[in-house]
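Enquirer:
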Ligand SMILES: NC(=O)c1ccc[n+]([C@@H]2O[C@H](COP(=O)([O-])OP(=O)(O)OC[C@H]3O[C@@H](n4cnc5c(N)ncnc54)[C@H](OP(=O)(O)O)[C@@H]3O)[C@@H](O)[C@H]2O)c1
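In the numbering used here, the protein residues as written are -7 to 261.
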């Protein structure tokens, strides 16, 4: 990719995006500029040759794309700080879970294309699912951003009203699946594997299961049927998990996380 890109907010996600851009996005490190208030904490990015610093105005100066990756409560202040310095043709991409495109526009004005993106931290590996939303027509800027994120995993264009839901399913989803992998590993340890061995088996098995669904597009139950011999071990264990609320607890957790977003909104956070 050509053109400069800046990431304002080099925290967990900003760092993952920075690494993804140079490892999978076709960006040269010198074309990527990442800022945070404590720039000394971006050693990993610096070691890769990415420009890092504290000066947001300098970072966005020649940026074709500006990615906003601060916490929701930090975004308004940041927008006020940079609004007079955003280059005319820069595309603004907000990965912040709150603040609508309209809201961002009321702060910075109407001059720039604004796109919301909801990736997850697997973007550093080029394995994110990034949901994208735009307010209005999917123009040249949108296509550019879609192309960028599709180099870093899969993309899905959604209505902006679903961005909060995509935060839970795609972004928080990483934590949900990691916890499941940990639980499976712990079962493996009880069966006699060393922790590292159990984790390796669990993680690779999760990757394989996901790969089967992604490649086939089949419903999970169709693939489960291929593994569950009648009266066999797998169905016995699986049913025991369901009797203890496996699917139900996951669905309830997802709904509870989502409701928390609504609570935070009401509190103005
Ligand atoms: N983490 C995820 O998996 C994930 C996934 C999807 C979306 N998101 C969204 O992405 C955003 C960032 O999440 P995160 O987990 O990466 O949070 P984080 O680790 O707290 O990162 C936020 C970063 O923003 C920096 N920052 C704050 N104000 C700034 C300013 N005025 N100028 C420059 N940098 C500033 C902070 O710098 P200092 O720490 O140096 O003060 C911090 O490094 C959130 O809005 C979140 O909703 C996160």
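Cβ coordinates follow ideal geometry from the N, Cα and C atoms, glycine included.
Can you pull the DSSP bridge partners for residue 91?
Expert: Within the chain shown, residue 91 is the residue found at index 99, counting from 1. Looking at the DSSP assignment, residue 91 forms no beta bridge with any residue, so it has no partner.
Enquirer: On a CA-only basis, which of 41, 3, 53 is nearest residue 264? Give me that one, please.
Expert: With the chain represented from -7 up to 261, any question about residue 264 goes unanswered, as that position is not in the structure.
Enquirer: What does the Cβ neighbour count give for residue 125, buried or exposed, with the cut at 16 atoms within 10 Å?
Expert: One-based indexing of the chain shown puts residue 125 at position 133. With 16 or more other Cβ atoms within 10 Å, it is buried.
Enquirer: What is the DSSP secondary structure of residue 202, reduced to helix, strand or coil?
Expert: Start at 1 with the first residue of the chain shown, and residue 202 comes out as number 210. Correct three-state label for residue 202: helix.
Enquirer: Ligand 1 heavy atoms versus the CB of residue 127: any closer than 6 Å?
Expert: Here residue 127 refers to the residue found at position 135 when the chain shown is read from its first residue. False, no ligand heavy atom lies under 6 Å from that Cβ.
Enquirer: Applying the 10 Å Cβ sphere with the 16-neighbour rule, what's the burial state of residue 194?
Expert: Residue mapping note: residue 194 aligns to position 202 of the chain shown, counting from 1. The residue in question, residue 194, is buried, as its Cβ has 16 or more Cβ neighbours within 10 Å.
Enquirer: Within the continuous beta strand (DSSP E) that includes residue -4, where are the two ends?
Expert: Residue -4 sits at position 4 when you count from the first residue of the chain shown. Here the beta strand (DSSP E) through residue -4 covers -4 to 0.
Enquirer: Answer yes or no: the CB of residue 64 versus the heavy atoms of ligand 1, is any distance below 6 Å?
Expert: For the purposes of this step, residue 64 is taken as the residue at position 72 of the chain shown. At least one heavy atom of ligand 1 is nearer than 6 Å to the Cβ of residue 64, so yes.
Enquirer: Smallest Cα separation from residue 7: which of 27, -5, 19, 155?
Expert: Along the chain shown, read from residue 1 onward, the residue named residue 7 stands at position 15. Ranking 27, -5, 19, 155 by Cα distance to residue 7 puts 27 first.
Enquirer: Taking 6 Å as the cut-off, is the beta-carbon of residue 0 closer than that to any non-hydrogen atom of ligand 1?
Expert: In the chain shown, the residue the question calls residue 0 occupies position 8. Under cutoff, so the answer is yes.
Enquirer: Do the region 127 to 142 and the region 47 to 54 make contact, defined as three or more Cβ pairs closer than 8 Å?
Expert: No, because fewer than three Cβ pairs between the region 127 to 142 and the region 47 to 54 fall closer than 8 Å, the two stretches do not touch.
Enquirer: How far does the beta strand (DSSP E) with residue 157 in it extend, from its first residue to its last?
Expert: Looking up residue 157 in the chain shown gives position 165. Residue 157 -> not in any beta strand (DSSP E); alpha helix (DSSP H) instead, spanning 155 to 158.
Enquirer: Under a three-way DSSP split, which group does residue 124 fall into?
Expert: On the chain shown, position 132 is the one that residue 124 refers to. Of the three classes helix, strand and coil, the one that applies to residue 124 here is strand, per DSSP.
Enquirer: Taking the continuous alpha helix (DSSP H) assigned at residue 167, which residues delimit it?
Expert: Within the chain shown, numbered from 1, the residue matching residue 167 stands at position 175. Its alpha helix (DSSP H) spans residues 165 to 182.
Enquirer: Report the option in 78, 65, 215 whose CA atom is closest to the CA atom of residue 59.
Expert: The residue labelled residue 59 in the question sits at position 67 within the chain shown. For residue 59, the closest C-alpha among the options 78, 65, 215 is that of 78.
Enquirer: Is it true that the region 138 to 147 meets the region 90 to 97, where meeting means three or more beta-carbon pairs spaced less than 8 Å apart?
Expert: Judged by Cβ distances under 8 Å, the region 138 to 147 makes no contact with the region 90 to 97, as fewer than three pairs qualify.
Enquirer: Would you mind giving the Cβ-Cβ distance between residue 110 and residue 159, rounded to the nearest angstrom? I have them listed as a contact below 8 Å.
Expert: If you number the chain shown from 1, residue 110 lands on position 118. If you number the chain shown from 1, residue 159 lands on position 167. Yes, they are in contact, since the Cβ atoms of residue 110 and residue 159 sit about 6 Å apart, within 8 Å.
Enquirer: Could you name the residues that DSSP lists as bridge partners for residue 106?
Expert: Position 114 of the chain shown, counted from the first residue, corresponds to residue 106. The partner list for residue 106 (beta bridge, DSSP) reads 84.
Enquirer: Can you name, in chain order, every residue of its own chain whose Cβ lies under 8 Å from the Cβ of residue 220, other than the five neighbours on each side?
Expert: Within the chain shown, numbered from 1, the residue matching residue 220 stands at position 228. Result list for residue 220: 226, 227, 230, in chain order.
Enquirer: With a threshold of 6 Å (Cβ to nearest heavy atom), would residue 3 be considered close to ligand 1?
Expert: One-based indexing of the chain shown puts residue 3 at position 11. Because some heavy atom of ligand 1 lies under 6 Å away, the Cβ of residue 3 counts as near it: yes.
Enquirer: Applying the 10 Å Cβ sphere with the 16-neighbour rule, what's the burial state of residue 153?
Expert: Position 161 of the chain shown, counting from 1, holds the residue named residue 153. Here residue 153 is exposed, its C-beta having fewer than 16 other C-beta atoms within 10 Å.
Enquirer: Starting from residue 55, follow the beta strand (DSSP E) in both directions and report where the run begins and ends.
Expert: As a working note, residue 55 is residue 63 in the chain shown. The continuous beta strand (DSSP E) containing residue 55 extends over residues 55 to 60.
Enquirer: If you run the structure through DSSP and keep just helix, strand and coil, what is residue 24?
Expert: Mapped onto the chain shown, residue 24 falls at position 32. Note: residue 24 maps to strand in three-state DSSP.
Enquirer: Decide if residue 63 is buried, meaning its Cβ has at least 16 other Cβ atoms within 10 Å, or exposed.
Expert: Walking along the chain shown from the start, residue 63 turns up at place 71. Exposed, because fewer than 16 other Cβ atoms sit within 10 Å of the Cβ of residue 63.
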